[in-house]
Structure formats: C-alpha cells, structure tokens
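What follows is a single structure, written as structure tokens, with notes after it.
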Amino acid sequence: MKARHQNGRIVDANEIADGDLLKPGPWFCHTPGCPVRYGHHRVASYAVDGSQRVLRSGTFAHGGDRSHLTSCSLNLRAQKQRLLAAHPGVFTSVGDKLLLRWGGPVRKERFSVDPPVRRAATTRETYAAVMEAAIDVTGVIDRSGGDEGVLNAYWVVHRGIRYTWADFCYGSAAASLARLAPSLAQAFNEAATGRPRFVRAQVADAAIETNSNRGRLKLRFRATDTLADGRYVRGWLFGNSVGPAADALRDLRNGDRFCVLGDNWFRFGDIPALNVDNLAQISPMPV
Ligand SMILES: [Zn+2]
1 MKARHQNGRI VDANEIADGD LLKPGPWFCH TPGCPVRYGH HRVASYAVDG SQRVLRSGTF
61 AHGGDRSHLT SCSLNLRAQK QRLLAAHPGV FTSVGDKLLL RWGGPVRKER FSVDPPVRRA
121 ATTRETYAAV MEAAIDVTGV IDRSGGDEGV LNAYWVVHRG IRYTWADFCY GSAAASLARL
181 APSLAQAFNE AATGRPRFVR AQVADAAIET NSNRGRLKLR FRATDTLADG RYVRGWLFGN
241 SVGPAADALR DLRNGDRFCV LGDNWFRFGD IPALNVDNLA QISPMPV
C-alpha cells in the first residue's frame with residue numbers, strides 16, 4: 001500500500017521501518033487530489049501461522065473522517081459501481097468482492113460413459129468483453145500501487161471455478177510474468193492447464209512463419225524489464241498463418257506492449273506458450 005508524505009514523496013508502506021524519520025507522517029492517499037489523511041503507519045512484520053512465517057504487510061490506517069474520491073482506486077465501493085456499469089453482464093457483485101465471469105459452468109453429462117465433452121469455444125464477443133474488463137481492473141489495481149485490499153476485491157470465475165486476481169493476471173514486470181511458468185507446471189492437472197490467464201508483455205520478436213511447421217506463426221514476447229539478476233522472462237504465442245487471428249499476431253511489432261487472454265496456456269520446453277485462434281485474444285496495452 002502506498003501513501004504520500006506531506007513532503008510530497010510517495011512511498012510503499014513496506015519501505016518504512018520503525019525509526020524512519022518519515023514514519024510519523026502526516027500521510028495522505030497517494031491518488032492526486034484525494035483528501036484522505038491516514039491515521040498512522042504500521043510497519044511490515046512476520047507472524048507465525050502454524051509452521052509458516054507469514055509476512056504481514058506494512059499499511060497506513062485510514063483516519064476515518066473522509067472518504068476516498070469516487071475516482072480513487074482505493075474507493076472500492078465507487079470502483080465496483082463504475083465497473084458494473086461500464087461492463088454490463090461481465091461482473092457480478094458478491095459481498096465486498098467483484099467477480100469477473102468468463103463462460104458458464106461446465107455441464108456434467110449425467111449418463112455419459114465416456115465423459116470428454118468438448119468445451120464450447122470462447123466466442124469473440126466474450127473474449128472482447130473479458131479483455132476490456134480485465135484491462136480496466138488491472139488499471140485500478142496498478143493505480144492503487146498494488147494495494148492488497150484492492151487486489152483481494154477482484155476475482156475471476158471461469159466456467160464456474162473461482163480464481164484470485166493474482167492467479168489470473170501476469171506481467172508486464174518480470175517479477176510478475178515469472179510466475180506464469182510455475183503456474184503451468186502441473187501439466188496433467190486440468191485445473192492448472194485449463195485455467196484462464198491474462199498476460200501483459202512486450203513483443204521481443206515479431207511473428208514469423210515457423211520452419212518446422214508450415215502454415216503456423218510464432219511470436220516471442222518478454223517482460224517489460226528483467227529480473228533482479230538480469231535474466232529475461234519470455235514466452236511464445238503461436239497461431240495459424242491465415243485468418244483474423246493471424247492478422248492480430250502480425251500487427252504486433254517489436255517492442256509493442258500488448259495483453260493476451262487464453263485458457264489453454266501450456267509449456268513449450270520450459271517456456272509458457274499459448275495458441276491464439278481468436279483475434280479478440282490480443283489487445284494493445286493501454287499506456
Ligand atoms: Zn484515495
């Protein structure tokens with residue numbers, strides 16, 4: 001969680017230690033123009049939960065006398081109302097959570113002896129609606145400075161299964177995109193491979209036809225920065241070399257930042273990869 005010190009500096013609560021000269025504040029909401037003044041700062045600490053040490057993040061306590069601006073990403077109620085109105089039919093409000101819905105629950109065939117019923121493909125309209133909504137929520141979370149309360153307010157329900165926002169959204173920073181490959185590790189686990197994932201990245205090598213598999217395109221992407229040790233985090237997009245999805249892949253140039261949506265990510269070697277077969281699976285990343 002971030003806040004703005006009276007001296008104008010915006011800092012994350014986890015960066016302020018006991019004894020820091022800035023600690024006493026006064027502290028305000030970091031959103032420009034938002035009048036909320038925080039009561040006090042609490043430092044990050046470790047708590048023991050069973051056999052695990054769990055980091056309790058630093059935070060700024062709400063002073064209580066004023067509300068966040070309705071345009072402030074930390075005003076959860078106002079953001080929820082805005083998102084519900086802006087994306088009709090995509091979100092459902094459940095308690096203090098907002099659920100982004102992608103596809104209905106998978107129907108179980110009661111009398112089928114050999115069960116593999118092919119899932120209906122996601123339509124272009126659904127991809128487009130989910131993409132717009134995901135970009136919107138990600139913007140809210142980014143503007144909040146990755147506030148845990150904001151992050152925990154958004155969930156995804158994909159074919160009846162509920163996922164946290166962190167399980168759904170990866171990139172564009174290397175530290176975030178690096179979570180994608182391990183999330184695909186359980187190759188034979190349907191819950192792992194059939195999961196919906198929204199990835200933000202940058203084109204490393206624009207689409208070219210593959211040598212080994214004619215009629216197919218491949219595009220290499222990477223995070224917008226490197227890991228702390230200098231390593232790159234990369235991934236692949238594949239697709240047919242003809243058709244609307246091919247045009248969407250070919251439109252991406254080296255260095256372009258984009259978002260891509262899919263529920264059939266896999267590991268190509270050790271690298272995350274996705275077959276793109278619908279043009280609405282790709283969108284430019286808003287700046
Ligand atoms: Zn605010």
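This note's numbering puts the first residue of the sequence shown at 1, with every later residue one more than the last. In this text, a Cβ means the ideal position worked out from N, Cα and C, and glycines have one as well.
| query | result |
| --- | --- |
| Residue environment, Tyr-232, which counts as buried when at least 16 other CB atoms sit within 10 Å | exposed |
| As assigned by DSSP and simplified to three states, the class of Ala-185 | coil |
| Three-state secondary structure (DSSP) of Asn-240 | strand |
| Close-in-space but distant-in-sequence residues of the same chain around Asp-147 (CB under 6 Å, 5 per side omitted) | Met-1 |
| Unbroken beta strand (DSSP E) run spanning Ala-300, endpoints | The structure shown does not extend to residue 300, since the chain is modelled only from 1 to 287, so the question has no answer here. |
| CB-CB length for Phe-168 against Pro-196, believed under 8 Å | 6 Å |
| Completely contained alpha helix (DSSP H) runs for the stretch 198-260, where each covers 4 or more residues | 244-250 |
| Neighbourhood of Arg-56 by C-beta, 6 Å cutoff - its chain only, sequence neighbours within 5 removed | Ser-45 and Ala-47 |
| Through-space distance from Val-150 to His-41, alpha-carbon basis | 18 Å |
| Short Cβ contact (7 Å threshold) for Phe-323 with Ala-129 | It is not possible to answer for residue 323, since the shown part of the chain is limited to 1 through 287. |
| Alpha-carbon spacing of Thr-122 relative to Gly-103, whole angstroms | 7 Å |
| Neighbourhood of Asp-96 by C-beta, 8 Å cutoff - its chain only, sequence neighbours within 5 removed | Leu-76 and Ala-153 |
| Buried versus exposed, by CB contacts within 10 Å (16 or more), Asn-211 | exposed |
| Any non-hydrogen atom of ligand 1 closer than 6 Å to Leu-151 Cβ | no |
| Own chain, CB closer than 7 Å to Ala-78, minus 5 neighbours either side, in chain order | Thr-70 |
| Status (buried if at least 16 other CB within 10 Å, exposed otherwise) for Pro-244 | exposed |
| Backbone CA spacing between Val-296 and Pro-272 [nearest angstrom] | Given a span of 1 to 287 for the chain in the structure shown, any question on residue 296 remains unanswerable. |
| Contact test: Thr-70 Cβ vs ligand 1 heavy atom, cutoff 6 Å | no |
| Counted within 10 angstroms of its Cβ, other Cβ atoms place Asn-213 as buried (16 or more) or exposed | exposed |
| DSSP state of Ala-61 mapped onto helix, strand, coil | strand |
| Where Ser-71 falls: helix, strand or coil (DSSP) | coil |
| Proximal residues to Gln-202 (C-beta, below 8 Å), its chain only, five neighbours per side dropped | Ser-172, Phe-221, Arg-222, Ala-223, Thr-224, Gly-255, Asp-256, Arg-257 and Phe-258 |
| Supposed close pair Asp-270, Ala-181 - CB separation, criterion 8 Å | 6 Å |
| Helix, strand or coil at Gln-6 [DSSP, three-state] | coil |
| CB contact flag (Arg-66, Pro-35, <7 Å) | yes |
| Close Cβ partners of Cys-72 (< 7 Å) along its chain, the five nearest in sequence each way excluded | Cys-29, Thr-31 and Cys-34 |
| Arg-66, DSSP secondary structure in three states | coil |
| Rounded distance between the beta-carbons of Phe-238 and Leu-217, thought under 8 Å | 7 Å |
| Same chain, Cβ closer than 6 Å to Leu-177, neighbours up to 5 away in sequence not counted | Tyr-170, Gly-171, Ala-223 and Val-233 |
| Nearest-angstrom Cα separation, counted from Leu-279 out to Asp-251 | 11 Å |
| For Lys-80, the first and last residue of its enclosing alpha helix (DSSP H) | 76-86 |
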